[in-house]
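Everything below concerns the one structure shown next.
2 protein chains.
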Amino acid sequence: MPCPLPIKDYPRILLAHGGGGRLMQGLIDKVFKTAFEGIGLQSTHDSAVLDLDAGRLAMTTDSYVVKPLEFPGGDIGSLAIHGTVNDLAMAGARPRYLSVGFVLEEGLEMEKLWRIVCSMRDAADAAGVRIVTGDTKVVDRGKGDGIYLNTTGVGVVASGLRVDPSAVEAGDAIVVSGDVGRHGVAVMAHREGLAFEAPIESDSASLVAMVHALLDAGISVRCLRDLTRGGLATCLNEIAASAGRRIEIQEDAVPVDEVVRGACEMLGLDPLYVACEGRMVAFVAPEDAARAAEVMRGFAPGEKARVIGEVTGDDRALVVGRNAFGTRRVLDLLSGEQLPRIC
Amino acid sequence: MPCPLPIKDYPRILLAHGGGGRLMQGLIDKVFKTAFEGIGLQSTHDSAVLDLDAGRLAMTTDSYVVKPLEFPGGDIGSLAIHGTVNDLAMAGARPRYLSVGFVLEEGLEMEKLWRIVCSMRDAADAAGVRIVTGDTKVVDRGKGDGIYLNTTGVGVVASGLRVDPSAVEAGDAIVVSGDVGRHGVAVMAHREGLAFEAPIESDSASLVAMVHALLDAGISVRCLRDLTRGGLATCLNEIAASAGRRIEIQEDAVPVDEVVRGACEMLGLDPLYVACEGRMVAFVAPEDAARAAEVMRGFAPGEKARVIGEVTGDDRALVVGRNAFGTRRVLDLLSGEQLPRIC
Numbered sequence: 001m002p003c004p005l006p007i008k009d010y011p012r013i014l015l016a017h018g019g020g021g022r023l024m025q026g027l028i029d030k031v032f033k034t035a036f037e038g039i040g041l042q043s044t045h046d047s048a049v050l051d052l053d054a055g056r057l058a059m060t061t062d063s064y065v066v067k068p069l070e071f072p073g074g075d076i077g078s079l080a081i082h083g084t085v086n087d088l089a090m091a092g093a094r095p096r097y098l099s100v101g102f103v104l105e106e107g108l109e110m111e112k113l114w115r116i117v118c119s120m121r122d123a124a125d126a127a128g129v130r131i132v133t134g135d136t137k138v139v140d141r142g143k144g145d146g147i148y149l150n151t152t153g154v155g156v157v158a159s160g161l162r163v164d165p166s167a168v169e170a171g172d173a174i175v176v177s178g179d180v181g182r183h184g185v186a187v188m189a190h191r192e193g194l195a196f197e198a199p200i201e202s203d204s205a206s207l208v209a210m211v212h213a214l215l216d217a218g219i220s221v222r223c224l225r226d227l228t229r230g231g232l233a234t235c236l237n238e239i240a241a242s243a244g245r246r247i248e249i250q251e252d253a254v255p256v257d258e259v260v261r262g263a264c265e266m267l268g269l270d271p272l273y274v275a276c277e278g279r280m281v282a283f284v285a286p287e288d289a290a291r292a293a294e295v296m297r298g299f300a301p302g303e304k305a306r307v308i309g310e311v312t313g314d315d316r317a318l319v320v321g322r323n324a325f326g327t328r329r330v331l332d333l334l335s336g337e338q339l340p341r342i343c
Numbered sequence: 001m002p003c004p005l006p007i008k009d010y011p012r013i014l015l016a017h018g019g020g021g022r023l024m025q026g027l028i029d030k031v032f033k034t035a036f037e038g039i040g041l042q043s044t045h046d047s048a049v050l051d052l053d054a055g056r057l058a059m060t061t062d063s064y065v066v067k068p069l070e071f072p073g074g075d076i077g078s079l080a081i082h083g084t085v086n087d088l089a090m091a092g093a094r095p096r097y098l099s100v101g102f103v104l105e106e107g108l109e110m111e112k113l114w115r116i117v118c119s120m121r122d123a124a125d126a127a128g129v130r131i132v133t134g135d136t137k138v139v140d141r142g143k144g145d146g147i148y149l150n151t152t153g154v155g156v157v158a159s160g161l162r163v164d165p166s167a168v169e170a171g172d173a174i175v176v177s178g179d180v181g182r183h184g185v186a187v188m189a190h191r192e193g194l195a196f197e198a199p200i201e202s203d204s205a206s207l208v209a210m211v212h213a214l215l216d217a218g219i220s221v222r223c224l225r226d227l228t229r230g231g232l233a234t235c236l237n238e239i240a241a242s243a244g245r246r247i248e249i250q251e252d253a254v255p256v257d258e259v260v261r262g263a264c265e266m267l268g269l270d271p272l273y274v275a276c277e278g279r280m281v282a283f284v285a286p287e288d289a290a291r292a293a294e295v296m297r298g299f300a301p302g303e304k305a306r307v308i309g310e311v312t313g314d315d316r317a318l319v320v321g322r323n324a325f326g327t328r329r330v331l332d333l334l335s336g337e338q339l340p341r342i343c
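Listed in order, the protein sequences are those of chains E and L. Counting from 1, one number per residue, gives the positions in the first sequence under UniProt numbering. Counting from 1, one number per residue, gives the positions in the second sequence under UniProt numbering.
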């Protein structure tokens, strides 16, 4: 959408913009309501009252503290929409409603806030989700890094659908939806002012349409998980632990962009542990593996989807990577994230 | 609940506690899951999948940045539960599920986090709400003031029930549930190290039981609003604007604790504009006014409930206060909050 800033009188955020008075009203009316017009936020009451179709409710929350606020391929606003709708999609839910909590730093440029709010609007619109309620707080200069965001989402899960690590079975195939590690390296490189032979853009994207295409195609989906902090290896460890199963992957089957791989080598990072924000793994029945990858390839964030491994009959929760020579290594959980503050 | 800290190896929060790896797993398992055991957070999946009884869904979000984190009568944890369940109750909803997003500062004492998490648990338990999903981020030392919290809640609104500023009618009576200004003054005094003749405690409390007692008693409730940032006068201004009605209140009918009044005089504050966190106004049919106040007085946060004013036939959105001599003044919206960072 075209984005002329609709507030002229205050070029920067003041503490009073979070104080509940006239300035806060102006910020909400001119900035948030203008940006989110048509995609929600109609009521001025404390709670939004909403209709849901029949089914069970899925609910998820995420706070976003990424530094810097804007990076190649996205910003904290689009990231906060994608991250939360993706978490809902991973439970097999159709995202319906989002809340947004803004923690703004005194002195934040109004223009930057407006760009980020517009980016949220576009991302929410594309994901088919409505932003129905919000909150604004302002903290003192030097705190808060400009903007921290929280988005919480609710969605509807079709009755009878169970997409959950506990549904994972021995023999299930593991499909990754695309190349990994792009988001973490893009944010890191931008933050540190590193330049590579080609620009690296974040993969931040909504996976909602791709997930529902898989479900609508009748693929036997056991479990879905988006690859965020800790990347593919951490995600697989979490599922191995929840399911109580050993997982094996073919490491050279995992797509990694050549520039991302080079950057990781230079920085001493293992791309299997670097965060994505628009990639997922699907655990599916083995006979559906090839078809699942094919369905994913019909969507931009799934273009490079590939079958990368399987769940074994071994009930020791463990993730093992095989390399091209057949050598195996344990892909353990790291103690922290290699790259802090990337989401 | 008794609260021995269940994590011994890390006395302070590290950046790696937000990194998605082993340390974050430990924090979630030992601190959050232990504290919230029995009141939610069972799934390790990205979204919680929930059942809702029939009815419409209410949804609300609030971020909390109160400084200091602990104050007489409460802390950021109980405040974050009360604030969000109260917002749901103000829509006539029964709160069901909460999400919690933690933004923690590197270096935060684990003991302090644990106290606050236990306080959340107790408040959620008392309000009958389950904490079903959460998120943890860690920001660098010097940012984030120890803890910022976001709580987002969903609840169920009985079908046919409409509690909303647009339901306000000329002639409606306005009932306030208790003395005003206590929370803002308590936080301010504690922050600035001020001592008064008697200690002032925050009024932070859940209003859920009181609201449902009003509805169950068959009181014709048009609109409910809890008194948070900007206090009673700001709240009445918002409703006057939404309803397009002039509101008049008898200023000396508004209960204000004597110590709070004295503190306000000393600090140059108008208690009508100071935040509460456990008080509300109810707009009810005039014939139900006395009974509404009586129902409220059956609950601790409603002990001092009183009828304080009425909605007039005048359609100019305005709030007017009458003093004991019959003199009127306009209670206008302030540009900001008198006391920043009190919630």
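Idealized CB from N, CA, C, for every residue including glycine. Since this is a predicted model, take the numbers as computed values, not measurements.
Item, Value
"Rounded separation between Gly153/E and Thr327/L - CA only", "49 Å"
"Rounded Cβ spacing between Leu88/E and Ala58/E (contact assumed at less than 8 Å)", "5 Å"
"Exposure of Val330/L, with buried meaning 16 or more beta-carbon neighbours within 10 Å", "exposed"
"Contacts that Lys30/E makes with chain L (C-beta to C-beta distance below 9 Å)", "Near Lys30/E there are no residues of chain L at all, since even the closest Cβ is about 15 Å away, more than 9 Å."
"Thr228/L beta carbon less than 8 Å from that of Ala275/L", "yes"
"Interface residues of chain L facing Asp51/E [CB-CB closer than 8 Å]", "Arg56, Leu57"
"DSSP three-state assignment for Gln338/E, whether helix, strand or coil", "coil"
"Near-chain E residues of the region 318–341 of chain L (beta-carbon distance less than 9 Å), N- to C-terminal order", "Asp332, Leu333, Leu334, Ser335, Gly336, Glu337, Gln338, Leu339, Pro340, Arg341"
"Contact with chain L by Val187/E, beta-carbon distance below 8 Å", "no"
"Burial state of Met266/L (16 or more Cβ within 10 Å)", "exposed"
"Every unbroken beta strand (DSSP E) within the UniProt domain \"PurM-like N-terminal\" (45–157) of chain L, with a cutoff of 3 residues, ordered by chain", "48–50, 56–64, 93–105, 130–139, 147–157"
"Minimum C-alpha distance to Gly171/L - residue among Ile219/L, Leu149/L, Val284/L, Gly181/L", "Val284/L"
"Nearest-angstrom Cα separation, counted from Phe325/E out to Asn150/E", "45 Å"
"Cβ pair Ser202/L, Ala186/L closer than 8 Å", "yes"
"Proximity to Arg322/L [Cα-Cα], best of Ser206/L, Ile147/L, Ala253/L, Gly193/L", "Ala253/L"
"Cβ-based neighbour list, Glu109/L, same chain, cut-off 7 Å, excluding 5 preceding and 5 following", "Pro11, Arg12"
"The region 212–227 of chain L contacting the region 60–77 of chain L, beta-carbon criterion three pairs below 8 Å", "no"
"Start-to-end residues for the alpha helix (DSSP H) that takes in Ala258/L", "Before going on, a small fix: residue 258/L reads as Glu here, not Ala. Counting along the chain, the alpha helix (DSSP H) containing Glu258/L begins and ends at 258–267."
"Best match in Ser119/E, Ile81/E, Leu224/E, Ala317/E for proximity to Met296/E [C-alpha to C-alpha]", "Leu224/E"
"Partners in chain E for Val295/L, counting only beta-carbon separations shorter than 9 Å", "Going along chain E, no residue has its Cβ under 9 Å from Val295/L, so there is no contact; the nearest lies around 21 Å."
"Residue nearest to Val163/L in terms of C-alpha spacing, selected from Lys143/L, Cys118/L, Gly134/L, Val221/L", "Val221/L"
"For Ala317/L, the first and last residue of its enclosing beta strand (DSSP E)", "Ala317/L -> no beta strand (DSSP E), and no H or E assigned at all."
"Residue of Leu334/E, Gly184/E, Ile239/E minimising C-alpha distance to Asp315/E", "Ile239/E"
"Where the region 64–97 of chain E meets chain L: residues whose CB sits under 7 Å from a CB there", "Val65, Asp87, Leu88, Met90, Ala91, Ala93, Tyr97"
"Residue of Val211/E, Leu104/E, Arg291/E minimising C-alpha distance to Met24/E", "Leu104/E"
"Contact with chain L by Ala123/E, beta-carbon distance below 8 Å", "no"
"Range of the contiguous alpha helix (DSSP H) that encloses Val187/E", "182–192"
"Backbone secondary structure at residue 348/E - three-state DSSP", "Nothing about residue 348/E can be read from this structure; chain E reaches only from 1 to 343."
"Integer Cβ distance of Val168/E from Arg306/E, believed to fall under 8 Å", "Val168/E to Arg306/E, Cβ: 19 Å. No contact."
"Neighbour-count burial assignment, Leu334/E, 16 or more Cβ in a 10 Å radius", "buried"
"Contact set between the region 215–233 of chain L and chain E, restricted to residues whose Cβ is under 8 Å from the partner", "Arg225, Asp226, Thr228, Arg229, Gly230"
"Where Tyr10/L meets chain E, residues with beta-carbon distance less than 9 Å", "Those within 9 Å of Tyr10/L in chain E number zero; the least Cβ separation is about 11 Å."
"Contact list for the region 179–208 of chain E against chain L, Cβ threshold 8 Å", "none"
"Thr152/E at chain L interface by Cβ criterion, 8 Å", "yes"
"Chain L contact for Ser99/E (CB, 8 Å cutoff)", "yes"
"Own chain residues within Cβ distance below 7 Å of Ala209/E, not counting five before or after", "Phe299"
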